[in-house]
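Residue numbering for the sequence shown follows this note's numbering, beginning at 106 and increasing consecutively.
We put the beta carbon where it would ideally sit given N, CA and C, even for glycine.
Have a look at the structure below before the remarks.
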Amino acid sequence: MAIGHGLLIGSTVATIFGILWFWIVSWDSTSIPQDRSTIANHRLQTWIDHIQLVPMVLAILVTVCLMGWIWINRRNLGKLPITTSSVSYDHGRYGRILTWDKYSFYLHGKPTLLISGEFHYWRLPDRNRWKPMLEQYKDAGLNCIRIYFHWGFHSPNQSTYIFDGNRDLDFLLCICEDLGLFVLAAPGPYICAETQGGGFPQWLIAKRNICIRHSVVSAFRSYDSQFSTYCAEWFNAILPILARHEITTNPRGCVLAVQIENESFQLLKGIPLGLVDDMRHLAKVARQAGVTVPLFTNDGWEEGSYVAQQDNRTSFGKPTFGIDLYGFDKYVVFCPTSTPSATITGSVTNNPENWVEWSTLDVTNALDMTEKTVRNFGGGAAESPLFIPELQGGWFNHYTVKHTYDHVYNYYGETYTRLIFDSVLTQGVTAFNFYMFYGGTNWGTIGDPDVYTSYDYSACIREFGHLSGRGRQLRLAISFARCFNNLISRTEAKKDSVRFSRINIESSVSGFIAQQRQCVGPNCEVFVFFRNFTSNRSPTATVSVTVSENEPIILNVSLMYKCSFIGLGNYQVANTGIHLLLATVPIYARIRPNIDTEVWIIQCDDKINGQLAFFGNVTANGTLAPQTCQSKLATIISFQNSMGWAQITVVGSSADSTINHKSLYIVALTDRDLYTFQPHFQDHHQNSKLFVTDQNDMLPLAVTWGSYNTRLDFINRKMDLVQESKDSGVFLIASFTLKSFDGFHKLTNTESYNGTPFIYQYLHSPVMTREACTSSPTTQFINATTRQVDFNSVPWQLLATKLGNSSKPTKNIIDYGFTSGHTLYRLDVVMYRIPPNGLSLSLNFRHRGTVYINQVLIGGHLTYSLGVFRPGSKNGPDVDFGAWRSYIIPPKLLVLGINSIYVLVESLGMNRQPFLLNDIRSPRGLIGATLNDAVSHSSYFSQSMAFISWIGGGCRASQYDIKWHISGIDVQTLQDPFNHSGLADEDLDRSNVYYECEVGSKNCDKLILAKHTAGSSENHSITTGVFKSSTIHMDGLACVSWPSWFNASFDLSVAIQKLFNSFGARIPLRIHVNGPGTAYIYINSVFIARYYGNGDGPQKNFYIPEGLVKHTGNSIKMLVYSQDATPCNIDCGPTNWVQIEIRLWRIDQQSKTSSLATSSGNIDENGQEFILETTTLDI
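Here it is, written out as structure tokens:
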């Protein structure tokens, strides 16, 4: 492929240059005869003379291009003496524990689907929250997680590595082992993940002599041995911790594989980019650090990078190198504000109502050729399981957009992730990780410029911990896959199978069946992937099923547009004699309540419906009102009711419901019951204490429904019922391998499922008090104080510039270590005269800047772009073209003598160096400044010069001597480099202005602003947490909106405390913020929110991490300021900066009768409060 691309590019370049050269050498004006009659003959002769040279010139150019192509390929292939086999997984030693073939992984000899979800512990920086969240991963049906380990989070300064407290990885991995979750460990060194610097520590980025990711410039890398040395230092710090938890060496271990690097792209569309020596070095260091599990890497999409080959395999005359497992990422549908075109143009459709719905072609084009593409890479890609380390689980959101994650969730829809899951299974993928499954929070400054505080990701589990409707839809699909794990983990596509089943299945409508696959086992079970991508969006179709030469059997199927499910066919129900021909209804689970009975959980309602066809003659009865239609070959069964049960037996067998020998039971659940339906698996190889028979080891040990969530501890015989207010009980079907469950009873005759001896129910009365929801979660802010940020008291140092009047500083804030939040700049200008039109201050900074003169706010702006090659590009090259902005300082604000100009610049974070880009050191802070006398606005010359200055970039000079001073916090001096505003006075405790609580109110939620100045006792009543401009400039130009710190304490309300104490309730809280100001918000010293009321960021509701707020004695601290210099209206009083209120989460409902379980989790101020109660039962 590389040679082909090289020849193509070389030939194209050679042709262009050859034609240009020919025209140049062909033009000789002096040789043209003056006789017009001979001109044509002369031109013809000239063409003939020179055309003979063209092949030679083209050959030379092609040769040069080809030699260059060969050189760069040979160069990128490297020279380190490390072979593939020297760092490969030791199958001989560890294969009995873990091995693989082209179909799937085998754990202790059993084929196993790896269904994983991304987990960023550093976005939940409280170790007490890790287990409750990972329990939700387990509850959703996952058996694995992938973890990006954040180098910068663990290494605040050079040679310092912190692995205790909230960075304790042993503690985290032990939780995974206790829960039975495998771990795909991804220690980088590069992790991307929309985090500052892609996870690299700030101290490393500050070393400008180091090429981060070996990048010299974008799209060109050169091996940097110093960078590799630092990466080895990180690996040697973290990998021994991971090695202690590997499944290959620890019987309780959870670490299944280790990822090397991230989206390195050895090749990109055939163009060589990645350095093989980088991968060789990291793999060697990993093995030397004690890693024994398989290594894997990931392409950003299918490119065939670092595929393992035999050691004697060469390319361009040099040995190749590959990693044990080939992985590739799949992001299928981009949010409208993140499409490639939006990235190139920087133009987006901000109004979600104008978004065009995603196209089904995006899915088919991205996924439906995956298997063929990857297998064609050969080597390890053809011989190992199809593996997707990052499979789209939602999408992130940006600064400056007007929509929130709720809009992103709605754009993809409730069934999107389930559809993606089914679609990758159609390609035979048996190992994949959803990125993200729970996004978490970009607390503090840990996010990069692509993302604001929330990292909700519109994922299956929303930021405040709700398993959304999308997650519950996915759980149904996961349940099917895991219940038929031993079959679906080893399949071949129908078109690729040489011995496909004698069953032929066709749809009457094009676009209704995505793929058919067959198990490679002896019984040739069939999987039909129903996916409604029909052009007319019709929800119905018929399916023709032909067995050998028999007449076709016609089955009905109903499926909503852009929905999917997997139909099972040619399946023999063990011990019953029942043989399924095809199901056109989804089977979400199977379980065996006794050795001769199998139970299927299905859906047959107005959203998905169909029929069951069984070979031979079977009978059906039950509350589903089954109707049978007998043909020569099979019995077709359809159901008249959407809820209930049916018993199916072979004609001649006992149909006595009290005996239930050799029966198949069908249980259909209601819509809400499907949202609460949970299978409970316990993998036998992870817990030897639990007895499981070989026949039943892939099936759930129990299934439940009816409660918001249910958690079973089979070893200790405990059940946690997580309930919402509408829950009154839980239904259960248990496997015959378990004993009876205490506290559960058989159903009465009034129940929909009566007559089934294996369904049990536990009843309880709702115990939550609704009075807790009628008042605010908090009582009041008390002991409140505020103070202005004292710019004069912070430590200053001179900021050197290239020349005295130059616009360019010689150092960037990266060099100072001021990478967390704000950096403050000061310029003292001595005025011997006041210019008649004032001063013109032109600034170029990244990202947000606010300008002050002599303690008066002038204004501010944001330099940020969603597109590349623009000022403030969130990704890619950052240019100065159009970045400069001018501020006019009126003469009335100037004084003779020293005038102090302050510029408060906030960085939104360092870029993350993705793919082939070299943008991690894109400039931050103040990049350039000029100061000149302002000219009349009416001057045509001034307007022209403003335009010239705008396009002039760095070609600027200042009329005044520019001597800036700089102040900030070097994050290398902090234990936590992301939990700081960047202002040096953040932790000072001074106050000259304070707030007091208004008395006489039961729920004291108002504060009095008491401004104590000489000769003044004026009080201004304001609402909770509202900041107001304290002074109006006497000439009415602007409010004195000086940055201020606000501190207070608060308690939870008595009603909320009662819920916590009495019922163990789970009540996530949020801070709701309004107002035009900017706010950094800390709760109990944790930096949890960055708010931008002017529209620079869309977020107004900020999640307060659970466990962070105590019942009493909580602290809130805020840095608040404004960029709005609009003159205040003296008559109406000053405007509010920021209004804050602590609220419950209220989320939308499909209807008044629906529940939290069916909700998307989108905020609805008129919706239902998200309050859950947990009850633990001894079973």
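Local conformation of residue i per DSSP, three classes
| i | result |
| --- | --- |
| N248 | coil |
| L1031 | strand |
| R892 | strand |
| P1173 | coil |
| C1060 | At C1060 the pLDDT is 49, less than 50, meaning the model places this residue with poor confidence; the figure from the coordinates comes in the next sentence. Note: C1060 maps to coil in three-state DSSP. |
| Y266 | coil |
| F719 | strand |
| Y208 | coil |
| A972 | Note that residue 972 is Gly in the sequence shown here, rather than Ala. DSSP places G972 in coil when its eight states are reduced to three. |
Cβ neighbour criterion (16 or more within 10 Å) applied to residue i
| i | result |
| --- | --- |
| A694 | buried |
| T883 | buried |
| M161 | exposed |
| K767 | buried |
| Y226 | buried |
| G965 | buried |
| C734 | exposed |
| P941 | exposed |
| W1288 | A question about residue 1288 goes unanswered here, because the residues of the chain that appear run from 106 up to 1284. |
| M474 | exposed |
| E519 | buried |
Closer than 7 Å: residue i CB and nearest the ligand COA heavy atom
| i | result |
| --- | --- |
| L284 | This structure does not include the ligand COA; it has no bound ligands of any sort. |
Pick from the options that is closest to residue i, judged by C-alpha positions
| i | options | result |
| --- | --- | --- |
| G576 | I525, G626, R607, A598 | I525 |
| K823 | T1279, R357, R313, H259 | T1279 |
| V935 | K997, L904, N1004, H966 | N1004 |
| L1093 | W1069, K1068, S1041, F1151 | F1151 |
| D1253 | A291, I1245, G1266 | G1266 |
| P494 | L400, N590, N609, K1222 | L400 |
| S653 | I610, T809, Y335 | I610 |
| V1076 | Y921, A1153, R1029, F950 | Y921 |
| W339 | E366, A362, T353, P356 | E366 |
| T1281 | F1155, Y770, R816, A586 | R816 |
| L843 | I939, K851, I700 | I700 |
| Y813 | K207, H571, T444 | H571 |
| G977 | R1029, L932, S528 | R1029 |
| A1153 | R201, N481, Q885, A413 | Q885 |
| L1164 | F325, E282, M474, S830 | S830 |
| F287 | N1219, Q787, I753 | Q787 |
| V322 | C588, P1148, N1023 | N1023 |
| Y510 | D467, A486, P441 | P441 |
Alpha carbon of residue i to alpha carbon of residue j, nearest angstrom
| i | j | result |
| --- | --- | --- |
| W500 | A679 | 43 Å |
| D1038 | P996 | 10 Å |
| D1090 | Q893 | 10 Å |
| R637 | Q716 | Reading off the sequence, residue 637 comes out as Asn, not Arg. Roughly 17 Å between the two C-alpha positions. |
| N1097 | T890 | Reliability of the predicted coordinates at N1097 is poor, the pLDDT of 35 falling under 50, and the value obtained from them is presented with this limitation in mind. The straight-line gap from Cα to Cα measures roughly 8 Å. |
| Y504 | N1199 | 12 Å |
| R385 | L185 | 7 Å |
| D825 | W1250 | 23 Å |
| S643 | Y516 | 21 Å |
| Y560 | T448 | 20 Å |
| V827 | I864 | 20 Å |
| K1111 | S1086 | Here the model assigns K1111 a pLDDT of 31, short of 50, so the residue's position is not dependable, and the following value carries that caveat. In a straight line, the C-alpha of K1111 is about 27 Å away from that of S1086. |
| F439 | W460 | 12 Å |
Residue-chain proximity (residue i, chain B), Cβ-Cβ < 8 Å
| i | result |
| --- | --- |
| P160 | The question asks about chain B, but that chain is absent: this structure has only one protein chain. |
Exercise for the section: May I ask you to verify whether the region 663-674 touches the region 629-636, counting CB pairs closer than 8 Å and requiring at least 3? Expected result: yes
Handout entry: At least 3 beta-carbon pairs within less than 8 Å: the region 942-960 vs the region 519-533
Key = no
Exercise for the section: Evaluate contact between the region 712-727 and the region 653-665, counting only Cβ atoms and requiring at least three cross-stretch pairs below 8 Å. Expected result: yes
Exercise for the section: Could you tell me whether the region 721-736 touches the region 748-758, where touching means 3 or more Cβ pairs closer than 8 Å? Expected result: yes
Practice task
Please confirm if the region 402-418 is in contact with the region 169-184, defined as three or more CB-CB distances below 8 Å between the two stretches.
Solution key: no
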